[in-house]
Structure formats: C-alpha cells, structure tokens
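Q: Chains as they are written, first to last, in the working numbering: chain Z, 1 to 112; chain F, 1001 to 1117.
This is the structure we're talking about:
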C-alpha cells in the first residue's frame, strides 16, 4: 500500500455515534495531519500531531499516533450530520520540502 | 482569519490550450505548493516552491508545467498545452516556517476545478 492509507474506505453511522478512521503509512514522518473535504470542495485542516506525540484532542476530535506501528486514528465523538465528508490523513517529512503525502481517504456518512 | 485564495474557481479549456491557475498565499508564509486531485482519487503533490525557486517536484510535474511568483503575492501554475488527463481539482497551499519548524500547518485554498475538453 502507499503512504497514508486510510481504512475503512467508507463509513456510515447514525448521528450521535462515534466514528473512527484509521491511517497507516510506510516511511518515517515528522508529523501527521488530518483534513476534511466536503464533496467537491477544498481541504480543511482539522488537527496536526507531531511524531513525538501520542494523542491530541481538539473539540470532538481525538487523534492518536503510534509511530512503532506507523499508524494513526481519528475519532469523531457524538457525530453530527454536518460531519458528513471525506477525511484524509497526510504525512510530512522535513527532508522532503515538507510536502504532504495524502492517503486515499475515508468517506463518512452520518445519517440524521 | 488569513486564508489562501485561488482563482478561478472553475476553468474549462480545450485540449492543447494554455491555462494559468492563480493563488494568493497567506502573506507571511514562505513555502508554497501545488497539489491536484483527480475526481474520486487522492490528493497528489505537484511542486513545492521556496525562496523563489522550485524546491521539489513530482513526476507529474513535467515540462508542460511551470510555476511562478511574479509579484511577491501571487503564485501561479501554468500548464502550457493541456491534455484531457489534466482535468482535476488543483489546490494551492502555503506554510510558514522561518526556521523549518515542521509543526506548522499547511493551509489550502478552495481549489480550481479544471476541465479539459
């Protein structure tokens, strides 16, 4: 698989439930970022976690990073219909002009 | 809150024509990027730009592509002779890192949807 692969590819949940998305990557990283994209729209930055951090919170978002397993997870608690979007993880390395390598994304549908 | 802007939001062009996509990065940012996303696929890196020169480019960024920062505020992507497979959403991004602080976020513009007929 390529750098930054998410699973599941698609997730459908009921409003109020929690949504968990996972991301795996292959090479060493400096940080990992999660972005949201509403259908056909731009990328909205959600949260960044550094390689020396294990967990980070922002509102209803919780991100974990396990560098030994080269994986990260994004948890959205108490989901809302407005959370319906695609979610991408992206990894960055300082020795590569800090370009972001994106995963293929998880399409989240939150049913009202 | 400062934001990255892009124009136009949509562009339709004929195969073989030249297109210029424009971006205004956040004013104090130092690193600039172009990415593209073919419909239904992942976002792909095209090129990074720092200190008025390309710092890295991907295999996609061939001789048909060029970037420029002509006036200290705009950052442009030019495709000299468009092909059908250039149809995609093109995103500009910028990032502030005076000492290569890698904690900083890359901020993305809303994108330009390019359709080549």
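By construction, the Cβ of each residue, glycine as well, lies at the ideal position given by its N, Cα and C atoms.
Is the beta carbon of residue 1019/F closer than 8 angstroms to that of residue 1011/F?
A: A distance below 8 angstroms separates the beta carbons of residue 1011/F and residue 1019/F.
Q: Which of the residues in the region 84 to 100 of chain Z, read from start to end, lie with their CB under 9 angstroms from any CB of chain F?
A: 88, 90, 92, 93, 94, 96, 97, 98, 99, 100
Q: With three or more C-beta pairs closer than 8 angstroms as the rule, is the region 80 to 87 of chain Z touching the region 27 to 47 of chain Z?
A: Yes, since at least three Cβ pairs between the region 27 to 47 of chain Z and the region 80 to 87 of chain Z fall closer than 8 angstroms, the two stretches touch.
Q: Taking only beta carbons into account, state which residues of the region 1035 to 1047 of chain F come closer than 7 angstroms to chain Z, listed in chain order.
A: 1042, 1043, 1045
Q: Can you tell me the Cα-Cα spacing of residue 8/Z and residue 1013/F, whole angstroms?
A: 36 angstroms
Q: When the Cα atoms are used, what is the spatial distance from residue 2/Z to residue 25/Z?
A: Its pLDDT being 39, under 50, residue 2/Z is placed unreliably by the model, and the measurement read from it follows with that caveat. Near 7 angstroms, if we compare the C-alpha coordinates of residue 25/Z and residue 2/Z.
Q: Report the residue from 1031/F, 1078/F, 1077/F whose alpha carbon sits nearest the alpha carbon of residue 1055/F.
A: 1031/F
Q: Check whether the Cβ atoms of residue 1116/F and residue 1082/F lie closer than 8 angstroms to each other.
A: yes
Q: List the residues of chain F whose Cβ lies closer than 7 angstroms to the Cβ of residue 103/Z, in chain order.
A: 1042
Q: Using a beta-carbon distance below 8 angstroms, is residue 45/Z in contact with chain F?
A: yes
Q: I need the DSSP call for residue 94/Z, collapsed to helix, strand or coil.
A: helix
Q: Kindly indicate which residue of 27/Z, 29/Z, 73/Z has the alpha-carbon position closest to the one of residue 19/Z.
A: 73/Z
Q: Got a sec? Which residues, its chain only, sit under 8 angstroms from residue 94/Z by beta carbon, not counting five neighbours each side?
A: 30
Q: To the nearest angstrom, report how far apart residue 1087/F and residue 64/Z are at their CA atoms.
A: Straight across, the Cα-Cα distance linking residue 1087/F with residue 64/Z is about 35 angstroms.
Q: Please check if any C-beta of chain F sits within less than 8 angstroms of the C-beta of residue 48/Z.
A: yes
Q: Do you know whose CA, among 10/Z, 77/Z, 47/Z, 23/Z, lies nearest residue 114/Z's CA?
A: In the structure as shown, chain Z begins at 1 and stops at 112. Residue 114/Z is therefore absent and cannot be evaluated.
Q: By DSSP's criteria, residue 15/Z is part of a beta bridge. Which residues make up the other side?
A: Under the DSSP definition of a beta bridge, residue 15/Z lacks any partner.
Q: Does DSSP put residue 7/Z in a helix, a strand or coil?
A: strand
Q: Whose Cβ in chain F lies nearer than 8 angstroms to the Cβ of residue 33/Z?
A: Residues of chain F passing the Cβ test: 1105, 1106.
Q: Show which residues of chain Z have a CB atom less than 8 angstroms away from the CB atom of residue 1091/F.
A: 42, 43
Q: Can you give me the Cβ contacts of residue 80/Z inside the same chain, cut-off strictly under 7 angstroms, excluding the 5 residues immediately before and after it?
A: Excluding the 5 residues flanking it on each side, residue 80/Z has same chain C-beta neighbours closer than 7 angstroms at 15, 110, in chain order.
Q: Thinking C-alpha only, which one of 1077/F, 1058/F, 1060/F, 1039/F is nearest residue 1067/F?
A: 1077/F
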